[in-house]
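Numbering (UniProt numbering), first residue to last: 1 to 510.
Report on one structure; see the data block that follows.
Written as structure tokens, this is what we have:
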């Protein structure tokens, strides 16, 4: 079965997409420009792109970086977007595609941020069969979150009337085997993806010959011990992540109770006691479990936070969690060369992207500092992906109280830990939401004058692009705007190539 672009374009891309890519002559120009939004668009042109994979590790211009340049040009209306943003169907190597549309929070780096700046639609149209070891994303995502999200995607596809052609369904990710004997420390089986590691261990358990008396031999016992330990480690990670999730829910309840005009500080005490007990449980796990076992907990926690920060997958931060349907299956014989596994992505710009709306709050002559801070953060977030919001804000707003920042940027409130102020009962219960917040306002997502805020356990990578741009705009208003992009990047702890710094070495090495 041959892979055809027309099947991708006609069957799975949004209906306004033309059935074929027209010749460029006559499709670019002011007459085809739609200025109804703040970001002009040109729907008469559809780009088909196939950037080649890099041939050497010395080649830094990867397809993901090529995509990033395309996104930057879209935001600034240059290049192919000079007469309005154009749409694109692109074939990218799997590793690059997952940088553009990350499946987990740890992959949310510069290409993803640039895409989030301008995209109305950005999703994976088609992909090859998942590798045997899906550990790169499925394990960190968490089985329950992954399956719940897949269920919502199926509902979304049904609502939009999107059907997958027969034979184009991606095969499901298999489950890891359940131990036949959990040994001396039995724990519930934790659903998780089947990996190459499981295959090797299961082979030890099932293929070796037992001893003469019917007992497991040394190799089988070793495999059983390994499988039990791995299940136990995953259980402890999930238990800690679930407990942190409970703290997040209790914090939201605290916010809503604190905003209730009928309640006093006494109503908050039971909630605060539950939060204290949950934090004690987390501390106990940290003291009893080896770091290697729980070092991935922040990723598990953050994946849930970015997917369900509003309680709904439709508001998820990652485009992957909001995909309109599951990618179509690309079989090996449809790729050339055969070993080149590539995914097909679709991009369409938002005529009113939140990032541009935020930037437009500033006078054109005053936008440079906000853009420089975005550049610095996007170039840093890949290497400092555990940087907390509190650290970030302290660097760009030194000595400014967190409460004052949250008051200026209410979008931060939904992520923060909260405690009642000492004089809670004497303070107003007014809530201050973001200008774009939907009515009725949810106190959990608003600034409240009777609460103190703490962002030391919230990582920057979990903030939605609209909140990040609120921070960039606030930096233009009240930050040290004399810092260059290089200085800001160094301030945030990032590094730059000589190309980015504008410095060219005088000595030639080749």
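We put the beta carbon where it would ideally sit given N, CA and C, even for glycine.
Since the model is a prediction, treat every value here as computed from it, not as a measurement.
(request) Under 8 Å by Cβ, that's how I've got residue 118 and residue 355 pegged, so tell me the actual separation to the nearest angstrom. (result) The Cβ separation is near 7 Å, so the contact holds.
(request) Apply the 10 Å Cβ neighbour rule to residue 428 and answer buried if 16 or more other Cβ atoms are within range, or exposed otherwise. (result) Note on residue 428: under 16 other CB atoms within 10 angstroms of its CB, so exposed under the neighbour-count rule.
(request) Return the CA-CA distance between residue 202 and residue 331, expressed in angstroms with no decimal places. (result) If I take the Cα positions, the gap works out to 28 Å.
(message) Given this structure, state the Cα-to-Cα distance separating residue 188 from residue 66, to the nearest angstrom.
(response) So the two alpha carbons sit approximately 46 Å from each other.
(request) Identify whether residue 319 lies in helix, strand or coil by the three-state DSSP scheme. (result) Reduced to three states, the DSSP call for residue 319 is helix.
(message) Assuming contact is defined by CB atoms lying nearer than 8 Å, are residue 405 and residue 397 in contact in what I supplied?
(response) Contact annotation: residue 405 and residue 397 have beta-carbon atoms nearer than 8 Å.
(request) Could you check the C-alpha separation between residue 478 and residue 174 for me, to the nearest Å? (result) Looking at the backbone, the Cα of residue 478 and that of residue 174 are separated by about 52 Å.
(request) Taking 8 Å as the cut-off, decide whether the C-beta atoms of residue 493 and residue 388 are in contact. (result) The Cβ atoms of residue 493 and residue 388 do not sit closer than 8 Å to each other.
(request) Keeping to the same chain, check which residues put their C-beta closer than 6 Å to that of residue 424; ignore five residues upstream and five downstream. (result) Excluding positions up to five away in sequence, the list reads 265 and 450.
(request) Output the boundary residues of the beta strand (DSSP E) element that contains residue 330. (result) Run containing residue 330: 328-330, per the beta strand (DSSP E) assignment.
(request) Rounded to whole angstroms, what's the CA-CA distance from residue 59 to residue 288? Just pull it up for me. (result) Rounded to the nearest whole angstrom, the CA to CA distance from residue 59 to residue 288 is 45 Å.
(request) Give the single residue among 192, 47, 261 and 244 whose Cα lies nearest to the Cα of residue 235. (result) Taking each of 192, 47, 261 and 244 in turn and checking the Cα distance to residue 235, the smallest one comes out for 192.
(message) Can you look up residue 274 in the DSSP assignment and give me helix, strand or coil?
(response) Of the three classes helix, strand and coil, the one that applies to residue 274 here is helix, per DSSP.
(request) Could you name the residues of the same chain whose beta carbon sits closer than 7 Å to that of residue 461, not counting the 5 residues immediately before and after it, in chain order? (result) Counting only residues of its own chain and dropping the five nearest sequence neighbours on each side, residue 461 has a CB closer than 7 Å to the CB of 105, 108, 302, 381 and 385.
(request) Could you pull out every residue in the same chain whose Cβ sits closer than 8 Å to the Cβ of residue 393, ignoring the five residues on either side in sequence? (result) For residue 393, where only same-chain residues beyond five positions count, the Cβ hits under 8 Å are 400, 402, 405, 455 and 471.
(request) Consider the C-beta atom of residue 339 and the heavy atoms of the ligand ZN; say whether any pair is separated by less than 7 Å. (result) The ligand ZN is absent from the structure shown, which contains no ligands of any kind.
(message) Going by DSSP, what residue range makes up the alpha helix (DSSP H) through residue 358?
(response) 354-359 is the extent of the alpha helix (DSSP H) around residue 358.
(request) With a threshold of 16 other CB atoms inside 10 Å of the CB of residue 57, please say whether the residue is buried or exposed. (result) Exposed, since its Cβ has fewer than 16 Cβ neighbours within 10 Å.
(message) Between the alpha carbons of residue 92 and residue 113, how many angstroms are there, rounded?
(response) If you take the alpha carbons of residue 92 and residue 113, they lie about 17 Å apart.
(request) May I have the straight-line CA-CA distance separating residue 123 from residue 141, to the nearest angstrom? (result) Cα-Cα distance, rounded: 18 Å.
(message) Please tell me whether residue 228 has its Cβ less than 8 Å away from any Cβ of chain D.
(response) No chain D is part of this structure, which consists of one protein chain only.
(request) Counting only the same chain and skipping the five closest in sequence on each side, list residues whose C-beta sits under 8 Å from that of residue 294. (result) When the five nearest sequence neighbours on each side are left out, the beta carbons in the same chain lying within less than 8 Å of the beta carbon of residue 294 are those of 236, 237, 240, 285 and 286, in order along the chain.
(message) With the cut-off set at 8 Å, would you say residue 149 and residue 314 are in Cβ contact?
(response) No, they are not a contact pair.
(message) What residue range does the alpha helix (DSSP H) around residue 249 cover?
(response) Taken as a continuous stretch (DSSP letters only), the alpha helix (DSSP H) holding residue 249 covers 218-258.
(request) Under 7 Å Cβ to Cβ from residue 353, same chain only, skipping five residues before and after it: list those, please. (result) Excluding residues within five positions, the ones whose Cβ falls inside 7 Å are 39, 117 and 118.
(request) Evaluate residue 440 with the Cβ neighbour count: other Cβ atoms within 10 Å of its Cβ, from every protein chain shown; 16 or more gives buried, anything less gives exposed. (result) Exposed is the call here.
(request) Check each candidate in 496, 111, 50 and 49 and name the one with the smallest Cα separation from residue 68. (result) Here the closest residue by C-alpha is 111.
(request) Closer than 7 Å by C-beta to residue 496: which residues in its own chain qualify, once you throw out the five before and the five after it? Chain order, please. (result) Annotation for residue 496: 379, 486 and 489 place their beta carbon closer than 7 Å to its own, counting only its chain and skipping 5 residues before and after.
(message) On the CB-based measure, 16 or more other CB atoms within 10 Å of its CB, does residue 129 come out buried or exposed?
(response) With fewer than 16 Cβ atoms within 10 Å of its Cβ, residue 129 is classed as exposed.
(message) So, for residue 329: in the same chain, excluding its five sequence neighbours on each side, which residues have a beta-carbon less than 8 Å away from its beta-carbon?
(response) Closer than 8 Å at the Cβ level, and outside the excluded window around residue 329, lie 126, 127, 128, 129, 167, 168, 169, 170 and 171.
(request) Confirm, please, whether the CB-CB distance from residue 464 to residue 434 is below 8 Å. (result) No, Cβ-Cβ distance for residue 434 and residue 464 is not below 8 Å.
(request) Quick one: give me the first and last residue of the beta strand (DSSP E) that residue 42 is part of. (result) Run containing residue 42: 41-49, per the beta strand (DSSP E) assignment.
(message) Below 8 Å on the Cβ atoms is my contact criterion, and I expect residue 268 with residue 258 to pass it. Report the Cβ-Cβ distance as a whole number of Å.
(response) Contact check for residue 268 and residue 258: beta-carbon distance about 6 Å, within the 8 Å limit, so the pair qualifies.
(request) Using DSSP bridges, identify the partner residues of residue 88. (result) Beta-bridge pairing links residue 88 to 47 and 347.
(request) Provide the residue(s) that pair with residue 448 in DSSP beta bridges, ordered along the chain. (result) Paired residue(s): 431.
(request) Provide the residue span of the alpha helix (DSSP H) that contains residue 124, from first to last. (result) Annotation for residue 124: no alpha helix (DSSP H) segment contains it, though the beta strand (DSSP E) segment containing it runs 119-128.
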